[in-house]
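In the numbering used here, the protein residues as written are -9 to 373.
Glycine included, every Cβ here is placed at the ideal spot set by N, Cα and C.
Taking it in order: structure first as structure tokens, then the write-up.
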Amino acid sequence: MAESSAYGPLRLLVVQPTPFCNLDCDYCYLPGRKDRRRLSLEHLELSLHRVLDSPFVDGPFTLLWHAGEPLTMPIRFYDDATHLIRRVLQDRGLPPETISQSVQTNAVVINDAWCDCFQRNDIHVGVSMDGPAFLHDAHRRTRTGLGSHAAVMRGIAALQQRAIPFQVICVLTEAALDHADGLFDFFLEHGLHDVGFNMEEKEGENLESSLSRPDGERRYQAFLERFWQRTMAQPGVLRLREFEGIINLACEDDRLTQTDMTKPFVIVNVDANGNLSTFDPELLAVPTEDYGDFVLGNVRDDSLEALIDTEKFQRIQAAMAAGVEQCRTECDYFGLCGGGAGSNKYWENGSFATSETQACRYRIKLVADVVLAGMEEALAIGR
């Protein structure tokens, strides 16, 4: 058995209740979105035991329902799952706060009954939506080609009426870069005060990103600069995840040594069949020429520690570690990033053992340049 003490600690258990999605977003990386398989409670219980039996748990962690659309599962599933989670923890003498639940959803089916479910099961909510209808509906459509914006806004209204807090994750495509003011005003108008940007990525099933066009990075920096100006002009009204992350690292003089997505068993992923992986959740469902799929085992047969000795894990881990070291030696932004995301390196560069990607330029470098310049300007004005 290989040494496991250098891995973890586990902070996120990503569980796929179903690969099925009721939308057909054109930038989605996931294959099999028509697959209606469902995670069984037996597989969920085995997953919990595999995680809790491992040496990687040293405190509370989050169980994130993700991949496919989790709310295509019936409400009863989450009631039963919560009961199961609480029973497993109680049987082990662990406090209920050991596992907190979150769900990432497109929100199109959220109504009062779902709000009841979130509240009684203490499930935190993240909503995927892309801003105004003309941006959102260009990409986030139903399988019959209809826009989903109106349904999403109904779901958001239901959450707001019940005072259920949630964060919005907004995917930025090339078209969004001309609409910093429009997005900012939309978020404020609709009471959306906690926002994160995900970039359209070249990843998995999405073979190209509209942000790869020659002027994409220049336009994105201008977009961020305008968003920074609006945020500073109205402090406290909108929390942007990207700005907050850089500010916290800069103010605390803290530095990352490795990102969670390149350190084994900080994140553990389980799909609807009980298949296991670690590293980026985005890797689990996507087959590749070099590695086949990224499945390392199954909860029926394998402990988490047993995965370490598999040939596939050793290959992936060696390449991931080489890529992190390359980033450490080559990149001035390493302390803000910790080595990036392996999935971006693989899909953009063809290998985990590489450094810079377009995703890291958008997600880290350009954001850091805008935030640090803005902080320096604010300090100069305040002198």
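Cα separation between residue i and residue j?
i: Asn339; j: Ala311; result: 16 Å
i: Phe67; j: Leu214; result: 40 Å
i: Met(-9); j: Ala296; result: Here Met(-9) scores only 47 on pLDDT, less than 50, and its place in the model is too uncertain to base an answer on.
i: Val41; j: Asp250; result: 17 Å
i: Val4; j: Glu59; result: 13 Å
i: Lys355; j: Leu2; result: 25 Å
i: Leu173; j: Phe124; result: 11 Å
i: Asp112; j: Cys11; result: 23 Å
i: Thr167; j: Arg216; result: Correcting the residue identity first, residue 167 is Leu in this sequence and not Thr. Their backbone Cα atoms lie some 10 Å apart in a straight line.
i: Asp69; j: Asp81; result: 18 Å
i: Arg208; j: Arg351; result: 11 Å
i: Arg152; j: Trp104; result: 11 Å
Thinking just about the alpha-carbon of each residue, which of the options is nearest to the one in residue i?
i: Asp171; options: Ala212, Arg40, Ser90 and Val47; result: Ala212
i: Asp294; options: Phe255, Phe124 and Lys24; result: According to the sequence provided, residue 294 is Leu. The question's Asp does not apply to it. Per the Cα distances, Phe255.
i: Leu54; options: Asp25, Asn12 and Thr8; result: Thr8
i: Leu34; options: Arg26, Thr72 and Asp14; result: Thr72
i: Glu379; options: Tyr19, Tyr(-3) and Pro(-1); result: Any question about residue 379 goes unanswered here, given that the chain covers just -9 to 373.
i: Cys15; options: Gly137, Ala165, Leu356 and Ser267; result: Gly137
i: Glu367; options: Ile154, Trp218 and Ala308; result: Trp218
i: Leu162; options: Lys355, Ala349 and Gly364; result: Ala349
i: Gly145; options: Gln307, Asp127, Ser118 and Ala165; result: Ser118
i: Val47; options: Arg27, Pro21, Leu0 and Asp70; result: Leu0
i: Thr88; options: Phe177, Asn259, Leu31 and Ile75; result: Ile75
i: Thr95; options: Gln304, Asp120, Tyr281 and Leu84; result: Asp120
i: Pro64; options: Ser30, Ile236 and Gly22; result: Ser30
i: Cys188; options: Leu13, Tyr17 and Gly364; result: According to the sequence shown, residue 188 is Asn rather than Cys. Nearest option by C-alpha distance: Tyr17.
i: Glu164; options: Ala262, Met143 and Glu191; result: Glu191
Given a cut-off of 8 Å on the beta-carbon distance, is the pair residue i and residue j in contact?
i: Phe269; j: Val361; result: no
i: Val93; j: Val115; result: yes
i: Ala309; j: Ser341; result: yes
i: His56; j: Pro271; result: yes
i: Leu273; j: Gly332; result: yes
i: Gln150; j: Gly181; result: yes
Report task. Spell out a yes or no on whether the stretch 305 to 318 and the stretch 333 to 353 are touching, meaning 3 or more CB-CB pairs, one atom from each, closer than 8 Å. Result -> yes
Query raised in the report: Is the stretch 218 to 230 in contact with the stretch 203 to 210, if contact means three or more CB pairs nearer than 8 Å?
Result: no
Query raised in the report: Fully enclosed by the stretch 68 to 126, which alpha helix (DSSP H) runs are 4 residues long or longer?
Result: Listed in chain order, they are 102 to 110 and 123 to 126.
Requested in this report: Pick out the complete beta strand (DSSP E) segments inside the stretch 139 to 172, 3 residues or longer, and give them in chain order.
Outcome: 156 to 162
Query raised in the report: Should the stretch 144 to 164 be regarded as contacting the stretch 36 to 51, the criterion being three or more beta carbon pairs within less than 8 Å?
Result: no
Query - Ordered list of alpha helix (DSSP H) runs contained in the stretch 233 to 314, each at least 4 residues - result: Fully enclosed alpha helix (DSSP H) runs of 4 or longer: 294 to 298.
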